[in-house]
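See below for the structure under consideration.
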Amino acid sequence: MRCGAVALIRKMNLIRKGLSVLSLGIRTQFTQIRNNSYLLSSGIKTQCSHFQVPAIQPIPVPTPCASTPAATSVLCRAMASLAQMHRTGPHIKKRKSRNPLNGNPFAKGVILKTLIKKPKKPNSANRKCVLVRLSNGKEMVAYVPGIGHNLQEHNIVLVRVGR
């Protein structure tokens, strides 16, 4: 072995010993505190009476997989058995609709901002688009067809369905 490897192994052994000593010290301190609090709560005087430790009481921890509305949380799904997965079927996420017009062919809107967008990789152009707040409260980016336009902010437009 090289000298550097030996030094590294020695350092790792020292770290391991230090961690074990540290955990042992923490464990002994905890048991001493627990014993002192038991003695103080039971009325027995100890040699250091000025050391007052409150009695340690367990904290109730709510279980996430109980029969509550949170039973469909990620933790419960991760711990399901094969029989439960077979019984309930696949977990399908509910996604919000990407169609801002809600199936309507046209919608009225107010222009918030005029944009110039560039298309994806193989195509090259400057597409004139506008950011529109529709009458149903949703916002969308609409394409302005034709050569040139005189649309400005706060103009009212009619938006139709399309990409």
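According to my numbering, the sequence shown is numbered sequentially starting from 1418.
C-beta: ideal position from N, C-alpha, C; glycine also.
Predicted, not measured: the structure shown is a model, and the values here were computed from it.
Under the three-state DSSP convention, the category residue i falls into
i	result
I1432	helix
L1532	strand
G1520	coil
L1548	strand
G1421	helix
L1568	coil
Local Cβ density within 10 Å of residue i, reported as buried at 16 or more and exposed below that
i	result
A1500	exposed
L1568	exposed
T1463	Reliability of the predicted coordinates at T1463 is poor, the pLDDT of 48 falling under 50, and the value obtained from them is presented with this limitation in mind. The residue is exposed, with fewer than 16 neighbouring Cβ atoms inside 10 Å.
A1488	Bear in mind that the predicted position of A1488 carries a pLDDT of just 49, short of 50, making it too unreliable to give a figure here.
G1526	buried
A1524	buried
P1517	buried
Enclosing alpha helix (DSSP H) for residue i [first to last residue]
i	result
A1500	1499-1505
C-alpha distance - residue i paired with residue j, whole-angstrom precision
i	j	result
N1540	K1534	12 Å
V1547	T1505	45 Å
H1508	N1430	48 Å
K1510	L1529	32 Å
L1532	E1556	14 Å
N1572	L1551	12 Å
V1578	V1558	11 Å
K1589	N1543	Within the shown structure, residues of the chain are numbered from 1418 to 1580, placing residue 1589 beyond reach of any answer.
Residue range of the beta strand (DSSP E) that includes residue i
i	result
A1559	1556-1560
L1575	1573-1577
Residue i beta carbon near the ligand ZN (any heavy atom closer than 7 Å)
i	result
N1516	Among the ligands in the structure shown, none appear at all, so the ligand ZN cannot be discussed.
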